[in-house]
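Here the structure comes first, spelled out in structure tokens, and everything after it is commentary.
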Amino acid sequence: MTRAERPDAARRGRDRRALPLPAPPGKPRADGLRPTAAVVGGGIAGLAAATALAERGVRVTLYERQAHLGGRAGGRPTTLRDGTPVTMSRGFHAFFRQYYNLRGLLRRTDPGLRRLTGLPDYPLQHANGLRDSFRHVPRTPPWSALGFAALSPSFTLRDLCAMDPVAALPLLDVRVPEIYDRLDHTSAHDFLDAVRFPDKARHLAFEVFSRSFFADPRQLSAAEMALMFHIYFLGSAEGLLFDVPRAPFSTALWHPLADYLLRHGAELRTSTAVEHITPTRDGGHRVVTDADERRHDGVVLALDTAGLRRVVAGSDHLGDAPWRERIARLRNAPAFLVTRLWLDRPVAPGRPGFLGTAGFPTLDNISVLERWEDEAARWAGRTGGSVVELHAYAVPGSASWDVEEKRLIEQMHRVYPETRGATVVDARHEWRADCPLFAVGGYRDRPTVRTPDPCLMVAGDLVRTGLPVALMERAATTGFLAANALLERWGLRGVTLWTVPRRGRSAVLRALARRDRAASRLPAAPAAAG
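For the sequence shown, the tail end lands on 530 under UniProt numbering, and the numbers increase by one without skipping.
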């Protein structure tokens with residue numbers, strides 16, 4: 001068996017320094033009177049938790065308010081004006097190779113990840129004409145960061161000489177939670193100002209990451225941005241290229257996983273809203289929905305920010321007062337817009353499947369879906385057109401929806417001029433404001449997986465873990481961690497997880513960062529529950 005064929009390599013990826021998080025020990029499967037668990041929320045976090053619990057014989061009931069699974073990476077059916085049934089999603093998602101635990105979840109039904117396909121490049125374009133690419137950037141740190149700077153037209157020798165290397169030292173050895181002690185009270189914008197990061201490169205490199213959190217860099221914690229820098233540049237050898245599903249999310253990912261859960265005895269209750277949860281005297285919880293109520297031995301709250309606030313606010317005896325107050329202070333990121341257009345003619349042949357943009361008023365990226373998605377490819381092949389998706393993140397609350405939708409299309413015309421003459425056969429505009437805001441100074445208010453109640457767990461991309469994970473990978477990881485905590489309580493074996501290295505890879509760079517930490521004399525992070 002070659003190294004690439006080993007099960008641990010398949011889960012981990014190519015980076016030999018990726019770290020395993022051993023599974024809590026216990027029996028391989030529940031027998032006799034099996035425990036019951038409610039998983040509230042059918043997004044990535046909830047699906048991960050439900051999968052790990054069901055695999056160990058726990059009787060799982062998954063509650064999802066929407067009619068479909070997948071949460072913010074889900075999809076719903078719709079019909080175009082020409083009669084074509086299609087799937088509308090919440091927008092493009094990149095499945096990076098560092099997403100070990102998310103990819104491990106998908107391997108339950110697709111061991112070779114054949115339902116994903118890699119895009120050949122991750123190009124970035126600024127409104128001033130500058131273009132960057134990650135295709136030829138080395139994957140192994142520190143050559144990845146150095147290679148990007150050397151290959152990028154947005155960096156000049158003069159820019160590099162003007163940067164403040166001392167201010168940039170926290171990026172050289174990112175550790176969690178220490179990085180939050182150092183940078184959580186600074187915005188991503190102010191941190192880059194302190195580093196004197198060149199404006200052109202800032203737009204093309206760092207703002208791509210910061211806006212992945214659907215937030216303006218002035219609102220985003222610099223610690224969260226530094227963590228992203230570690231995950232993609234200086235902490236991991238997986239690189240910046242990524243995979244995308246070959247079919248709509250529901251078809252490629254969630255329908256197969258739903259079937260897998262059903263085969264493991266789980267009950268999936270979609271279109272069912274949980275209204276409140278009440279602890280019972282025997283240590284369990286009574287889950288009350290808009291249809292009925294049931295008692296469960298354990299609960300995982302795998303909800304978005306607003307959903308978590310709503311359920312906790314309606315559940316007077318859940319957790320304790322300080323925990324409930326912290327949940328109540330959580331906030332959503334600003335609204336974002338996803339516009340999908342079915343055009344009567346193709347975009348130019350050389351257009352990439354995905355293009356990140358910067359320097360435009362609201363346009364953050366453009367996707368040409370027929371480049372990788374089978375449903376869009378069939379429509380484009382039959383009609384001779386194209387299916388194009390546009391994203392606008394962190395739209396001001398005062399914005400007019402109609403105006404912003406038209407404005408986004410006008411910006412597409414600037415980037416892809418051939419679309420000016422295209423007729424829009426149909427369009428869908430998705431306005432949402434349900435992503436967590438990782439605000440400056442907000443880290444300590446975010447919940448952990450464990451709560452004051454030993455049978456109540458929280459999972460999702462808003463949860464702090466002490467691990468170098470973010471976005472969809474944080475959702476999957478916290479879902480598995482929540483399941484592991486309950487499994488451990490019931491004497492059942494947990495799930496082994498993986499992360500990118502938990503500190504900087506270069507001994508020299510770590511030594512420089514240690515000197516900076518010693519000079520700053522920051523206090524150690526206090527222990528926090530919930």
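C-beta: ideal position from N, C-alpha, C; glycine also.
Query                                                                                                                            : Result
Buried or exposed (CB count within 10 angstroms, at least 16 for buried), L522                                                   : Note that L522 scores a pLDDT of 38, beneath 50, so its modelled location is shaky and nothing firm can be said.
For T117 and W372, believed in contact at Cβ under 8 angstroms, the rounded distance                                             : 6 angstroms
Rounded Cβ spacing between R309 and L437 (contact assumed at less than 8 angstroms)                                              : So it is not a contact: roughly 12 angstroms between Cβ atoms.
Buried/exposed call for K27, threshold 16 Cβ in 10 Å                                                                             : exposed
For N128, three-class secondary structure by DSSP                                                                                : coil
N- and C-terminal bounds of the alpha helix (DSSP H) containing A237                                                             : Neither: A237 is in no alpha helix (DSSP H) and is coded neither H nor E.
V311 - containing alpha helix (DSSP H), residue span                                                                             : T305 to A313
Spatial distance of Y180 from A376 (CA atoms)                                                                                    : 42 angstroms
Where the alpha helix (DSSP H) through L467 begins and ends                                                                      : First-last for L467: undefined, no H or E at that position.
Reduced DSSP category for D8 - H, G, I as helix; E, B as strand; rest coil                                                       : Note that D8 has pLDDT 49, beneath the 50 cutoff, so the model's placement of it is unreliable and no number is given.
Cut-off 7 angstroms between Cβ atoms - residues of its own chain near L462, not counting five sequence neighbours on either side : T305, L330, P436 and R446
Bridge partners - N365, DSSP secondary structure assignment                                                                      : G356 and H391
C-beta atoms of R295 and Y63 nearer than 8 angstroms                                                                             : no
Residue range of the alpha helix (DSSP H) that includes S144                                                                     : W143 to L151
Distance, G353 Cα to E238 Cα                                                                                                     : 20 angstroms
Whole-angstrom C-beta distance between G307 and residue 536, which should lie under 8 angstroms                                  : Coverage of the chain is limited to positions 1 through 530, which leaves residue 536 absent and any answer about it impossible.
Best match in L106, R432, E224 and R474 for proximity to H189 [C-alpha to C-alpha]                                               : E224
Residue ranges of each alpha helix (DSSP H) within the region 17-61, 4 or longer                                                 : 44-55
Through-space distance from P417 to A94, alpha-carbon basis                                                                      : 26 angstroms
Proximity winner among A48, D453 and L227, relative to R103 (alpha-carbon distances)                                             : A48
Whether T465 touches A45 by CB criterion (8 angstroms)                                                                           : no
Spatially closest choice to P468 from L408, N101 and E410, by CA coordinates                                                     : N101
Helix, strand or coil at D426 [DSSP, three-state]                                                                                : strand
Cβ separation of R474 and R17, assumed to be a contact under 8 angstroms, to the nearest whole Å                                 : At roughly 20 angstroms, the Cβ-Cβ gap does not stay under 8 angstroms, so R474 and R17 are not in contact.
Range covered by the beta strand (DSSP E) that runs through G350                                                                 : From DSSP, G350 is part of no beta strand (DSSP E); its letter is neither H nor E.
C-alpha distance - L21 paired with S400, whole-angstrom precision                                                                : 47 angstroms
C-beta atoms of P138 and G147 nearer than 8 angstroms                                                                            : yes
Cα-Cα separation between L169 and Y260, rounded to whole angstroms                                                               : 46 angstroms
Coarse secondary structure for V415, derived from DSSP in three states                                                           : helix
Helix, strand or coil at V300 [DSSP, three-state]                                                                                : strand
Beta-carbon proximity check, T451 vs G319, cutoff 8 angstroms                                                                    : yes
Any 3 or more C-beta pairs closer than 8 angstroms across the region 410-427 and the region 330-344                              : yes
Other residues of its chain near G397: CB distance less than 8 angstroms, five sequence neighbours each side excluded            : P334 and A335
Integer Cβ distance of V40 from V274, believed to fall under 8 angstroms                                                         : 5 angstroms
Inter-residue Cα distance where the pair is V449 and R115                                                                        : 30 angstroms
Which of helix, strand or coil DSSP assigns to R90                                                                               : coil
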